[in-house]
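Each residue of the sequence shown is one higher than the last, beginning at 14 in the numbering used here. Built from N, CA and C at the ideal position, the CB exists for glycine as well. In this text the structure is predicted, and so the values were computed from the model without any measurement. One structure below.
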Amino acid sequence: MPKEYLTYVRKYADLYEGERDIFIKDLTPGPRKYDTKQVRALVARSAENLPGADTLWVRSEMGVLDPKPWAIKILKELPDYVKGRPYTDVFSVMNK
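Encoded structure:
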């Protein structure tokens with residue numbers, strides 16, 4: 014049974030297919046539900062493009078849910094922090 018994850022994006026155009034670093038929130042029921050982690054993952058617009066992948070729900074910064082889920086295959090868990098100055102834009106730091 015595939016797991017389900019959630020991520021947030023500023024603009025839907027910011028999310029693209031392929032390998033990328035991304036923050037995800039675990040939606041799997043249990044004591045770890047809603048845990049957030051940073052991962053390196055393969056992301057695809059459809060599960061058909063990424064066989065054996067888990068489900069990735071995408072919300073905008075305002076919380077609007079994309080009605081069609083994406084697919085995600087986690088390659089590696091990354092540290093829980095992002096290098097950079099405090100109070101800066103985490104999205105711009107991740108894209109450097």
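If you draw a straight line from the Cα of Leu-19 to the Cα of Asp-39, it is about 7 Å long. Around the beta carbon of Asp-67, 16 or more other beta carbons lie within 10 angstroms, which makes this residue buried. Its chain contains Leu-55, Ala-57, Ala-84, Lys-86 as the residues whose beta carbon lies nearer than 7 Å to that of Leu-63, once the 5 sequence neighbours on both sides are disregarded; these appear in chain order.
Unbroken beta strand (DSSP E) runs of no fewer than 3 residues, entirely contained in the region 25 to 92, are found at 31 to 39, 49 to 57, 67 to 73, 83 to 90, following chain order. Counting other Cβ atoms within 10 Å of its Cβ, Leu-69 reaches 16 or more and is therefore classed as buried. When secondary structure is reduced to three states using DSSP, Tyr-94 falls in the coil class, being assigned neither helix nor strand.
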